[in-house]
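This report refers to the structure that appears directly beneath it.
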Amino acid sequence: MKYVLVSGGVISGIGKGVIASSSGLLLKTLGCKVTSIKIDPYMNVDAGTMAPTEHGEVFVLNDGGEVDLDLGNYERYLNVTLTRDNNITTGKMYKHVIEKERRGDYLGRTVQIVPHLTDAIQDWVERVARTPADDSNEEPDVCVIELGGTLGDIESAPFVEAMRQLRRRAGKDNFLQIHVSLVPVIHGELKTKPTQQAIRDARSAGLSPDLIACRCERSLDKATTDKIAMFCQVEPEQVVSVHDVVSTYHVPILLEQQGFLTQLSQGLKIDKQSIAPSLVTKGERIWRQWKTLTTSQEHVYETVSIALVGKYVSLHDSYLSVIKSLEHAAMACRRKLNIVWVDATNLEQETRESNPEAFHKAWHDVCTAEGILVPGGFGARGTEGMIAAAHWARTKGKPYLGICLGMQVAVIEYARNVCGISGAHSIELDQQTSDPVIIFMPEIDPVNMGGTMRLGSRPTIFQPNTEWSKLRSLYGLDRTTIDERHRHRYEVNPEYIDRLQAAGLHFIGKDDKGERMEIIELKDHPWYVGVQFHPEYLSRVLAPSKPFLGFVASAAGVFEPVVKASQAREAELANGVSEIII
Ligand code: GLN
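Positions in the sequence shown are counted from 1; adding 471 to them yields this note's numbering.
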């Protein structure tokens, strides 16, 4: 097993995750089987209890793990399926060690950070790294480990020490460290001091970065690269410039152009001869596809504008996978994506009084967008605004996609304004409601919050007599079951289904018992779809998620041709003529 550790110096939030996933992708293009682990040095056991405005969206895995959004990047870049164990947190490791201590596994010894916690971290990493993650179902060759935060934080100290020891455990040529640093531009000049200091910090912790990835606004000139190399005691080839590029998809290309892959394969002594020829060919294909994709994107000028109506819009990372899925769909429709961020509370009547400017601006944005998307969310704030946006989309024939909460608000809107159930509401949003069209799911734990929602991959069955469905035309009518990831506590109240259905709201997809409503769709509307699951977690660059694809294609006015292309691609996938490789 070979390891690539990606750590950060100076400040966090400068794209360590993208550099780490790009490194993994580059190794994949050689034919290596790559997996990844993200270490988050916080006390939460997992990301599930954190507000998206803290660290960005909570990403959900097939196994129901609620994890850091970087795991989403890894799944997308490396086309792998990860497990909850691929995300390590301080809380998770302490819990693990304390449980062992309670069982008596330490045989009376004093349990300490070093060696017990640090050993436990290494054992965990070694175990998870060996778990098959891609369609080969074989043990990976390389594991990319991303250490969250910045070196020198109190929080990350045990992990830093564990990584220092892991280098020894892995042995020579099996461990390589990329340190991501910042090279700020001050008065037009590239400043190298923070990077020098960051490398010094890393060395004093016993680490020795092999490659220095410098994040900067503009590309590093030779003098700056030489200066960093000289002061940090590395060769200039070991210093790479990761300057701003048009999109994150360009980062692997930017790295490759600077000989980064050669550095990686030399540093890890990857022997190309020992890689199976079929994997080498596959790797070369991935790389060709990736390059075509990014360059073809540069020549797209027509736009499609989507209003994203949510409550966490202050931090765009709260909706990272939604943004990625929209991007994937827009690429397939040959459109440049223009997301218009709308804070749902600004669409509410109260804002009309308190802040008329914001109110009118928000409505202008909703009315002029070509499609309206209401993503997932929790709590009451902004939900009346979301209901109003769903109403507008429904009555004006604007493409609408509601995800999880976005589907629930569409159901409330329909109940109120079409079925005439004026008090219709969700129990989550109004506990006193006379007409709870959305209710708490019976099996959910009402007290404990961590990991107790309906989570992970579950099947949705398309219902009889729904062949007219636009969404189904994308999946292909022969598909009767789809698997998508879930994360919710509330659901459509079965007692209202008949009334809603009789009034024209079709529940075209239900769970395998037929009890849980999974998909709504309107018949006489260009695209009005709500899904209880989160399709954004499974979207891929070359296999955009269908609910997103249909939505964006309708918004762009290219639904028919896109359906045809998508059906052709599905057929290729089914016949094994093609496969999803990125
Ligand atoms: N709050 C809603 C529920 O728990 C929706 C959740 C979501 O959008 N992820 O059912």
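All C-beta atoms in this analysis are idealised placements derived from N, C-alpha and C, irrespective of residue type, glycine included.
Just checking residue i against the ligand GLN - is the residue's beta carbon closer than 6 Å to any of the ligand's heavy atoms?
i, result
"Tyr961", "yes"
"Leu779", "no"
"Gly853", "no"
"Phe1030", "no"
"Arg958", "yes"
"Phe1075", "Here the chain has residues from 472 to 1053 only, and residue 1075 is not among them."
Within 10 angstroms of the Cβ of residue i, are there 16 or more other Cβ atoms? Answer buried if so, exposed if not.
i, result
"Ile1051", "exposed"
"Arg598", "exposed"
"Ile883", "buried"
"Leu578", "exposed"
"Leu514", "Note that residue 514 is Met in the sequence shown here, rather than Leu. With fewer than 16 other Cβ atoms within 10 Å, it is exposed."
"Met878", "buried"
"Lys941", "buried"
"Cys838", "exposed"
"Val1048", "exposed"
"His835", "exposed"
"Leu948", "exposed"
"Arg686", "buried"
"Asp954", "exposed"
"Gly975", "exposed"
"Glu546", "buried"
"Thr774", "exposed"
"Ala522", "exposed"
"Thr763", "exposed"
"His896", "buried"
"Gln648", "buried"
"His957", "buried"
"Met924", "buried"
"Val585", "exposed"
"Lys782", "buried"
Tell me which residue opens and which closes the alpha helix (DSSP H) that residue i is part of.
i, result
"Phe702", "693 to 703"
"Phe798", "According to the sequence as given, residue 798 is Glu; it is not Phe. Segment 791 to 803, the alpha helix (DSSP H) holding Glu798."
"Met988", "Per DSSP, Met988 belongs to no alpha helix (DSSP H); it is in the beta strand (DSSP E), 988 to 992."
"Pro523", "523 to 526"
"Trp761", "748 to 769"
"Ala1027", "1017 to 1027"
"Trp595", "589 to 600"
"Phe731", "731 to 738"
"Ala1059", "The first residue shown for the chain is 472 and the last is 1053, placing residue 1059 beyond what the model contains."
"Val475", "From DSSP, Val475 is part of no alpha helix (DSSP H) but of the beta strand (DSSP E) over 473 to 479."
"Asp969", "968 to 973"
"Leu725", "722 to 728"
Does at least one heavy atom of the ligand SAH sit under 6 Å from the Cβ of residue i?
i, result
"Leu876", "The ligand SAH is not part of this structure, which contains only the ligand GLN."
Quick one: give me the first and last residue of the beta strand (DSSP E) that residue i is part of.
i, result
"Phe849", "Run containing Phe849: none; DSSP gives neither H nor E here."
"Ala432", "Residue 432 lies beyond the stretch modelled for the chain, which goes from 472 to 1053, so this question has no answer here."
"Asp612", "Run containing Asp612: none; DSSP gives neither H nor E here."
"Tyr885", "No beta strand (DSSP E) contains Tyr885, which is instead part of the alpha helix (DSSP H) from 876 to 888."
"Pro665", "Here Pro665 belongs to no beta strand (DSSP E); instead the alpha helix (DSSP H) covers 664 to 675."
"Ser454", "Since the first residue of the chain shown is 472 and the last is 1053, residue 454 is not available in this structure."
"Trp834", "Premise fails: Trp834 lies in the alpha helix (DSSP H), 827 to 839, not in any beta strand (DSSP E)."
"Asp983", "No beta strand (DSSP E) holds Asp983; DSSP gives it neither H nor E."
"Leu540", "Where Leu540 is concerned, there is no enclosing beta strand (DSSP E), given that its DSSP letter is neither H nor E."
"Ile909", "906 to 911"
"Gln1003", "Element bounds for Gln1003: n/a, residue is neither H nor E."
"Gln1055", "As displayed, the chain neither begins before 472 nor continues past 1053, which places residue 1055 out of reach and without an answer."
"Ala895", "895 to 897"
"Val711", "710 to 714"
"Ala778", "774 to 781"
With a cut-off of 7 Å, does the C-beta of residue i fall near any C-beta of chain B?
i, result
"Ser789", "Among the protein chains of the structure shown there is no chain B, as only one such chain exists."
Every unbroken beta strand (DSSP E) inside the segment 549 to 574 [3 residues or more] | Counting whole runs of 3 or more residues, the segment 549 to 574 contains the beta strand (DSSP E) stretches 558 to 560.
Would you check if there are 3 or more beta carbon pairs closer than 8 Å linking the segment 843 to 855 to the segment 812 to 824?
-> Enough Cβ pairs lie closer than 8 Å, so yes.
Check whether the segment 521 to 535 touches the segment 785 to 803, counting contact only when three or more Cβ pairs, one atom from each stretch, lie closer than 8 Å.
-> By the C-beta criterion, the segment 521 to 535 is judged to be in contact with the segment 785 to 803, since at least 3 inter-stretch pairs fall below 8 Å.
Determine contact between the segment 735 to 742 and the segment 692 to 708, defined as no fewer than three beta-carbon pairs at a distance below 8 Å.
-> As far as the Cβ criterion goes, the segment 735 to 742 does not touch the segment 692 to 708, which means the pair count is below three.
4-residue-minimum alpha helix (DSSP H) runs that sit fully inside the segment 917 to 960, ordered along the chain = Those alpha helix (DSSP H) runs which fall completely within the segment 917 to 960 and span 4+ residues are 941 to 946.
Specify whether the segment 474 to 481 and the segment 641 to 659 touch according to this definition: at least 3 beta carbon pairs, one from each stretch, less than 8 Å apart.
-> A contact between stretches requires three or more CB pairs, one per stretch, nearer than 8 Å, and the segment 474 to 481 meets this requirement with the segment 641 to 659.
Decide yes or no for the touch test of the segment 549 to 562 against the segment 498 to 515: beta carbon pairs closer than 8 Å, at least 3 of them.
-> When Cβ pairs closer than 8 Å are counted between the two stretches, the segment 549 to 562 is seen to touch the segment 498 to 515, the count reaching three or more.
Between the segment 711 to 724 and the segment 682 to 698, are three or more C-beta pairs nearer than 8 Å?
-> At 8 Å Cβ cutoff, the stretches touch.
Can we say the segment 669 to 689 touches the segment 623 to 633, given the rule of at least three CB pairs closer than 8 Å?
-> Touching, yes.
Quick one: complete beta strand (DSSP E) runs, 3+ long, within the segment 485 to 525?
-> Annotation note: the segment 485 to 525 contains the following uninterrupted beta strand (DSSP E) runs of length 3 or greater, listed N- to C-terminal: 505 to 511.
At least 3 beta-carbon pairs within less than 8 Å: the segment 776 to 784 vs the segment 995 to 1009 = Contact between the segment 776 to 784 and the segment 995 to 1009 is absent, because fewer than three Cβ pairs lie under 8 Å.
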